[in-house]
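Residue numbers (UniProt numbering): 1 to 264. Quick notes on the structure that follows.
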């Protein structure tokens with residue numbers, strides 16, 4: 001089946017439900033005007049729009065790879081929103097996040113994936129490890145798995161700590177072909193016995209065409225807040241970084257294989 005470019009919906013946030021005090025970004029559960037609940041990621045949080053860009057790219061690449069990923073939407077936050085919020089820290093965050101943010105569909109009743117309790121198919125584990133190697137995702141560890149069990153199926157979430165090259169930016173070509181040493185801490189590495197099969201399969205799913213279609217989704221509004229270049233130039237760097245990394249997948253694949261050998 002041919003890849004279909006994602007068409008992300010835009011919703012308006014109408015109610016702040018509760019903060020999720022995990023990490024430094026203070027995401028929140030919020031209700032939108034489509035009557036659904038979302039985990040709202042704020043542009044005014046610590047890493048700003050770069051975390052939202054990583055979340056967008058990582059989440060949609062996971063979907064393109066055939067992994068279960070909750071729907072991602074753009075979420076508008078009005079200037080009047082949050083004026084009655086009594087918590088000053090949250091009120092400041094809301095004020096700094098007026099405009100277009102990112103939200104992920106809230107999986108009500110989902111529980112955190114536990115590698116001790118939940119069995120996982122080796123090929124599925126290998127696909128997730130491979131994708132996190134591509135994205136250089138540092139945040140899928142036993143301490144914080146960023147995976148959920150929902151209706152007895154595994155869902156991946158939270159890719160905001162991916163693509164950390166964009167926090168320094170100047171050496172992105174060098175970063176694109178580097179091994180990903182943090183893969184040794186991946187929560188699924190021990191179960192990932194099908195890494196070669198995952199590499200072959202995912203390179204047929206995540207192509208340059210797919211990468212560029214997903215990168216093209218990054219809102220110009222976010223890119224205009226960055227100092228690295230014009231929106232088109234910045235999109236080109238993201239696309240080129242991922243394409244170079246894809247072409248050099250043997251580097252992060254070997255890193256994962258070597259790290260796994262030390263565990264088993």
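Ideal Cβ positions, reconstructed from N, Cα and C, are used throughout, including at glycine.
Q: Entirely within the region 48–93 and at least 4 residues each: give me those alpha helix (DSSP H) ranges in chain order.
A: Those alpha helix (DSSP H) runs which fall completely within the region 48–93 and span 4+ residues are 49–64.
Q: Out of 92, 131, 153, 124, state which residue places its alpha-carbon closest to the alpha-carbon of residue 109.
A: 153
Q: Following the continuous alpha helix (DSSP H) through residue 127, name the residue where it begins and the one where it ends.
A: 122–135 is the span of the alpha helix (DSSP H), which, as asked, contains residue 127.
Q. In whole angstroms, what separates the C-alpha of residue 51 from that of residue 161?
A. 7 Å
Q: Pick helix, strand or coil for residue 41, following the three-state DSSP scheme.
A: strand
Q. Given a threshold of 16 other Cβ atoms within 10 Å of its Cβ, counted over all protein chains shown, does residue 89 qualify as buried or as exposed?
A. exposed
Q. How is the alpha helix (DSSP H) around residue 223 delimited, first residue to last?
A. Counting along the chain, the alpha helix (DSSP H) containing residue 223 begins and ends at 220–223.
(Q) Taking its Cβ as the centre, do 16 or more other Cβ atoms sit within 10 Å of residue 225, making it buried, or is it exposed? (A) Classification of residue 225: exposed, given that the 10 Å Cβ count is below 16.
Q | Contiguous alpha helix (DSSP H) assignments of at least 4 residues, all confined to the region 180–221 | A | 195–205, 208–215
(Q) Could you give the first and the last residue of the continuous alpha helix (DSSP H) run that contains residue 239? (A) 231–247
Q: Just mark residue 206 as buried or exposed, buried being the case when its beta carbon has 16 or more other beta carbons within 10 Å.
A: buried
Q) Counting Cβ pairs, one atom from each stretch, are 3 or more of them under 8 Å apart for the region 99–115 and the region 164–184? A) no
**Q.** Residue burial classification, residue 173 (beta-carbon count within 10 angstroms, cutoff 16)
**A.** Exposed is the call here.
(Q) Is the separation between the beta-carbon of residue 264 and that of residue 191 shorter than 7 Å? (A) no
Q: With a cut-off of 8 Å on the beta carbons, I'd call residue 147 and residue 113 a contact; round off their distance for me.
A: 4 Å
Q: May I have the straight-line CA-CA distance separating residue 135 from residue 242, to the nearest angstrom?
A: Approximately 8 Å, taken between the alpha carbons.
Q: Under the assumption that residue 217 contacts residue 6 (Cβ atoms under 8 Å), give the Cβ distance between them as a whole number of angstroms.
A: 6 Å
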